[in-house]
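Trainee:
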Amino acid sequence: MKLTTARVLAQYRGLWLVAAPDREPELVTARGKLPVTPVTGDFVGLDEAGSIAEVMPRHGVIVRRAPGEAADGQVLAVNVDLALVTEPLPDPNERRLERFAALAGSGDVPVALVLTKSDLDEDGYMKAAQLGRTLGVIDSVAVSVRTGEGIDVVRGLLDPGATTVLLGASGTGKSTLINTLLGEERQKTGEIRADGRGRHTTVTRELLTLPGGAFLIDTPGIRIAGLWDGAGDTFADVEELALGCRFSDCGHTTEPGCAVRAALPPERIEAWRKLQEELASIDDRRAKSRR
Ligand SMILES: Nc1nc2c(ncn2[C@@H]2O[C@H](COP(=O)(O)OP(=O)(O)OP(=O)(O)O)[C@@H](O)[C@H]2O)c(=O)[nH]1
Ligand SMILES: [Zn+2]
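Using full-length UniProt numbering, the first residue of the sequence shown is number 1, and each one after it goes up by one.
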């Protein structure tokens with residue numbers, strides 16, 4: 001049977017937004033149970049009915065591994081050629097940068113450092129060079145959407161046909177940078193009505209095409225926060241702040257340098273802990289029943 005190759009632009013529960021050459025993006029289902037679940041960035045084969053019948057081999061995989069998670073983690077994006085890790089000036093958080101860089105590195109995705117808001121820091125250029133050396137990334141740049149500094153350097157990193165993902169905490173300026181790169185050809189955030197059990201869900205597109213022909217994976221679906229199995233976005237604040245904790249396995253109890261305790265009230269952290277315990281016990285039960 002002849003399959004049509006398409007690329008996954010965004011993923012939802014049991015539905016994928018895919019684009020095939022010369023066709024409008026469309027929402028499709030999968031044909032039966034596939035050996036791997038298609039994710040944003042996947043190349044897939046569509047059958048005659050328009051369903052996903054096959055997922056092509058992947059490279060450049062970005063996986064989110066939640067601490068203590070038994071399974072392989074959650075695949076966030078695939079076929080990624082470059083990760084731009086963003087952190088804002090004047091006070092870039094080196095530890096957070098390391099974690100995002102490690103996330104990309106473990107999927108064999110090269111990393112470039114982008115320090116944003118350089119208009120707020122006279123030494124942005126130097127800080128970028130220094131941090132770039134420390135982190136061992138392929139390139140580093142200080143950018144400002146206000147002054148335009150560094151924007152052309154970023155553009156130069158985005159090769160036509162290559163896929164780049166932006167990784168960075170909330171507020172580091174990812175959306176603003178994407179809008180600047182999209183320029184005139186800013187895509188309207190696609191509002192697609194997906195028929196999920198009679199309800200209409202508003203979804204947004206995640207894989208964008210830039211004017212020069214480079215692909216950019218926008219991060220709502222990749223926002224490191226809020227991706228815990230079963231947790232949805234409920235504790236996005238905790239997950240994101242945790243990236244700034246001194247220890248990567250911080251339990252947010254008595255550890256020094258805990259960014260979560262510094263920012264959130266104890267009740268919130270307690271609620272998060274309860275959920276973690278629940279999730280852990282679900283994992284336990286699953287493992288037992290498998291045995
Ligand atoms: N001074 C200055 N502010 C900037 C710059 N880029 C972004 N900002 C501001 O930083 C704030 C956060 O920017 P966003 O683009 O929303 O950040 P984000 O990373 O997309 O955040 P999320 O959408 O929460 O993931 C906004 O108020 C921007 O106006 C810059 O180059 N200079
Ligand atoms: Zn902590």
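We put the CB at the ideal spot given by N, CA and C, even for glycine.
Is any heavy atom of ligand 2 found at a distance shorter than 8 Å from the C-beta of A271?
Mentor: Taking the first residue of the sequence shown as 1, we reach residue 271 at position 271. Checking every heavy atom of ligand 2 against the Cβ of A271, none is found closer than 8 Å.
Trainee: Is it the case that the CB of E98 approaches a heavy atom of ligand 2 more closely than 8 Å?
Mentor: Numbered from its first residue, the sequence shown carries residue 98 at position 98. No - ligand 2 has no heavy atom lying nearer than 8 Å to the Cβ of E98.
Trainee: Would you mind giving the Cβ-Cβ distance between L181 and R155, rounded to the nearest angstrom? I have them listed as a contact below 8 Å.
Mentor: Indexing the sequence shown from 1 puts residue 181 at position 181. Indexing the sequence shown from 1 puts residue 155 at position 155. Contact holds; Cβ gap of about 7 Å.
Trainee: Taking just the CA atoms, how far does L17 sit from M1?
Mentor: Start at 1 with the first residue of the sequence shown, and residue 1 comes out as number 1. Start at 1 with the first residue of the sequence shown, and residue 17 comes out as number 17. If I take the Cα positions, the gap works out to 22 Å.
Trainee: Tell whether a beta-carbon distance below 9 Å holds between P92 and L120.
Mentor: The sequence position of residue 92 within the sequence shown is 92, counting from 1. The sequence position of residue 120 within the sequence shown is 120, counting from 1. Going by C-beta atoms, P92 is not nearer than 9 Å to L120.
Trainee: When you measure from the CB of R261 to every non-hydrogen atom of ligand 2, does any distance come out below 8 Å?
Mentor: Position 261 of the sequence shown holds residue 261. True, at least one ligand heavy atom lies under 8 Å from that Cβ.
Trainee: Name the DSSP beta bridge partners of F43, please?
Mentor: Against the sequence shown, residue 43 aligns to sequence position 43. Note: F43 sits in a beta bridge opposite R7.
Trainee: Please confirm if the region 210 to 219 is in contact with the region 162 to 182, defined as three or more CB-CB distances below 8 Å between the two stretches.
Mentor: They touch, by the three-pair rule.
Trainee: Going residue by residue through the region 238 to 269, where are the continuous alpha helix (DSSP H) segments of at least 4 residues, counting only ones entirely within it?
Mentor: Runs found: 259 to 263.
Trainee: Look at the Cβ atom of A30, then the Cβ atom of S51, and state whether they are nearer than 9 Å.
Mentor: Reading the sequence shown from its first residue, position 30 is the one you call residue 30. Reading the sequence shown from its first residue, position 51 is the one you call residue 51. For A30 and S51, yes; Cβs fall inside 9 Å.
Trainee: Out of curiosity, what's the CA-to-CA distance linking G107 and V63?
Mentor: Counted from its first residue, the sequence shown places residue 107 at position 107. Counted from its first residue, the sequence shown places residue 63 at position 63. About 7 Å.
Trainee: What is the DSSP secondary structure of L27, counted as helix, strand or coil?
Mentor: Translated into positions along the sequence shown, residue 27 becomes position 27. Residue state, collapsed to three classes: strand.
Trainee: Under a three-way DSSP split, which group does S51 fall into?
Mentor: What you label residue 51 is simply residue 51 of the sequence shown in a count that begins at 1. Coil, per DSSP.
Trainee: Look at the alpha carbon of T5 and the alpha carbon of T254, and state the distance between them as a whole number of angstroms.
Mentor: Here residue 5 is taken as the residue at index 5 of the sequence shown, counted from 1. Here residue 254 is taken as the residue at index 254 of the sequence shown, counted from 1. Roughly 52 Å separates the two Cα atoms.
Trainee: Rounded to whole angstroms, what is the Cα-Cα separation between K274 and A129?
Mentor: Numbered from 1 along the sequence shown, position 274 holds the residue referred to as residue 274. Numbered from 1 along the sequence shown, position 129 holds the residue referred to as residue 129. If I take the Cα positions, the gap works out to 42 Å.
Trainee: Beta-carbon within less than 6 Å of G132's beta-carbon, same chain only, minus the 5 sequence neighbours each way: which residues are those?
Mentor: For the purposes of this step, residue 132 is taken as residue 132 along the sequence shown, with counting starting at 1. Hits under 6 Å: L113, S140.
Trainee: Buried or exposed: which applies to G150, given that a residue is buried once 16 or more other Cβ atoms fall within 10 Å of its Cβ?
Mentor: Along the sequence shown, one-based indexing puts residue 150 at 150. Buried: at least 16 other Cβ atoms inside 10 Å.
Trainee: Give every residue of the same chain whose Cβ lies closer than 8 Å to the Cβ of E24, excluding the five residues on either side of it in the sequence, and list them in chain order.
Mentor: Your numbering for residue 24 matches position 24 in the sequence shown. Closer than 8 Å at the Cβ level, and outside the excluded window around E24, lies no residue.
Trainee: What residues are listed by DSSP as bridge partners for P88?
Mentor: If you number the sequence shown from 1, residue 88 lands on position 88. Answer is T116, bridged to P88.
Trainee: Need the endpoints of the alpha helix (DSSP H) that G212 sits in, please.
Mentor: Taking the sequence shown and counting its residues from 1, one reaches residue 212 at position 212. Unbroken run through G212: none, as it is neither H nor E.
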